[in-house]
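The UniProt record's numbering puts the first residue of the sequence shown at 1, with every later residue one more than the last.
Written below as structure tokens is the structure these notes are about.
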Amino acid sequence: MAIPPSIPRFLLPRAPLRLGPQPRAFLALQPATHLRHASASGSALSEEFRRRQAAQRAKATPVIPQPDKYRPPSHSKRTPNRQTGSSIYGPPLTEADLKRMANKKYPNMMSPEGSFSYWFWHDKAIHIWIIFSILVSLSGYAWYLEFITTTIYADELPTRKELLHHPVESIRQFGKVYKKHVERRSNYCVQQRLRAAEEIEKRKAFRAEREAEAEARGEEYVTDPRYYVGDDGVRRRRVKRWFGIWE
1 MAIPPSIPRF LLPRAPLRLG PQPRAFLALQ PATHLRHASA SGSALSEEFR
51 RRQAAQRAKA TPVIPQPDKY RPPSHSKRTP NRQTGSSIYG PPLTEADLKR
101 MANKKYPNMM SPEGSFSYWF WHDKAIHIWI IFSILVSLSG YAWYLEFITT
151 TIYADELPTR KELLHHPVES IRQFGKVYKK HVERRSNYCV QQRLRAAEEI
201 EKRKAFRAER EAEAEARGEE YVTDPRYYVG DDGVRRRRVK RWFGIWE
């Protein structure tokens, strides 16, 4: 008895899709062929297919050599640069090449050694001098503004025109005005200290009179424990201190 041909199921024609049940007459007209699913085991494969599959697996992957005519300089026959540690293609550099590359100015890169810009960016002394010059200039300008806004002798200061025409005399006049300003501020500070000392003595004398009056009446002079008198004679309220530091 002849074996029907083996046809994969996905190659067979499909019947029209119907929602209802198919008649038995249509099922009887279908050819009696042997169905083989696509997921069939290897034993069902033909001998020719297995032979071709084994030959394809045994065959090595062909590698076509690259001709030297079309080989770029970055892919030479030598060892790759990422393995040798060198990032320069071509022949090794000579001393003249290294010196020329060290003194060459490349775009978007730092200046080469020996140039003025290289010295300016890498010299520490010039940077320290610039920083201190800026700080001294700012402090001098702040001192001058504070002096001309607080002194009462601003009218006696030399003008810019006098400074340009007579610089020596203008500097001397400025020194005299500044000396008078310092003397006035010193006298003002001395008067403030004397006034504060006088106030302290007055408070102490007032407290002594109150104590003498209490003793004359036979009473005890009791001070309020919520207040205390400091070294400057000022009566202040006692504040609770946390850890003896904060009030």
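Backbone N, C-alpha and C fix where the C-beta goes; we use that ideal spot for every residue, glycine too.
Since this is a predicted model, take the numbers as computed values, not measurements.
Beta-carbon proximity check, residue i vs residue j, cutoff 8 Å
{"i": "GLU113", "j": "ALA102", "result": "yes"}
{"i": "VAL177", "j": "TYR144", "result": "no"}
{"i": "THR151", "j": "HIS181", "result": "yes"}
{"i": "ALA212", "j": "GLU220", "result": "no"}
{"i": "ILE126", "j": "PHE132", "result": "no"}
Other residues of its chain near residue i: CB distance less than 7 Å, five sequence neighbours each side excluded
{"i": "SER170", "result": "PRO158, GLU162 and LEU163"}
{"i": "GLU48", "result": "none"}
{"i": "SER117", "result": "SER111"}
Residue of the options minimising C-alpha distance to residue i
{"i": "PHE147", "options": "ASN108, ALA216, PHE174 and ASP68", "result": "PHE174"}
Cβ of residue i within 8 Å of any chain C Cβ
{"i": "ARG210", "result": "Of the chains in the structure shown, none is chain C; there is only one protein chain."}
Alpha helix (DSSP H) segment containing residue i, residue limits
{"i": "TYR178", "result": "167–216"}
{"i": "ARG237", "result": "That residue, ARG237, is in no alpha helix (DSSP H); its beta strand (DSSP E) goes 235–237."}
{"i": "ALA142", "result": "124–150"}
{"i": "ALA102", "result": "95–102"}
{"i": "residue 249", "result": "Summary: the structure shown does not reach residue 249, with the chain confined to residues 1 through 247, and so no result is reported for it."}
{"i": "ALA55", "result": "47–58"}
Alpha carbon of residue i to alpha carbon of residue j, nearest angstrom
{"i": "TYR227", "j": "ARG236", "result": "5 Å"}
{"i": "LYS105", "j": "SER115", "result": "9 Å"}
{"i": "HIS7", "j": "SER46", "result": "A small correction: the amino acid at residue 7 is Ile; His does not occupy that position in the sequence shown. About 13 Å."}
{"i": "ARG193", "j": "VAL234", "result": "15 Å"}
{"i": "LYS59", "j": "ARG9", "result": "31 Å"}
{"i": "ALA25", "j": "VAL63", "result": "Unreliable positioning characterises ALA25 in this predicted model, as indicated by a pLDDT of 48, which lies under 50. The coordinate reading is nonetheless provided below. About 60 Å."}
{"i": "ALA197", "j": "ALA208", "result": "17 Å"}
{"i": "MET109", "j": "ARG100", "result": "16 Å"}
{"i": "TRP129", "j": "ALA142", "result": "20 Å"}
{"i": "LYS69", "j": "ASP97", "result": "28 Å"}
{"i": "ARG217", "j": "GLU199", "result": "27 Å"}
{"i": "ASP155", "j": "ARG195", "result": "30 Å"}
{"i": "ARG185", "j": "VAL136", "result": "24 Å"}
{"i": "HIS165", "j": "GLY140", "result": "23 Å"}
{"i": "TYR188", "j": "LYS179", "result": "14 Å"}
{"i": "PRO107", "j": "HIS122", "result": "19 Å"}
{"i": "GLU201", "j": "ARG210", "result": "14 Å"}
{"i": "ARG172", "j": "ARG160", "result": "14 Å"}
{"i": "ARG57", "j": "PRO13", "result": "34 Å"}
{"i": "ALA54", "j": "PRO67", "result": "32 Å"}
{"i": "LYS124", "j": "PHE243", "result": "48 Å"}
{"i": "LEU93", "j": "PRO65", "result": "30 Å"}
{"i": "ILE134", "j": "ARG238", "result": "48 Å"}
{"i": "GLU183", "j": "PRO167", "result": "24 Å"}
{"i": "GLN191", "j": "PHE206", "result": "22 Å"}
Same chain, Cβ closer than 8 Å to residue i, five either side skipped, listed in chain order
{"i": "residue 300", "result": "As shown, the chain starts at 1 and ends at 247. That puts residue 300 outside it, with no answer to give."}
{"i": "ARG203", "result": "VAL229, GLY233, VAL234 and ARG235"}
The beta strand (DSSP E) enclosing residue i, as first and last residue numbers
{"i": "TYR228", "result": "227–229"}
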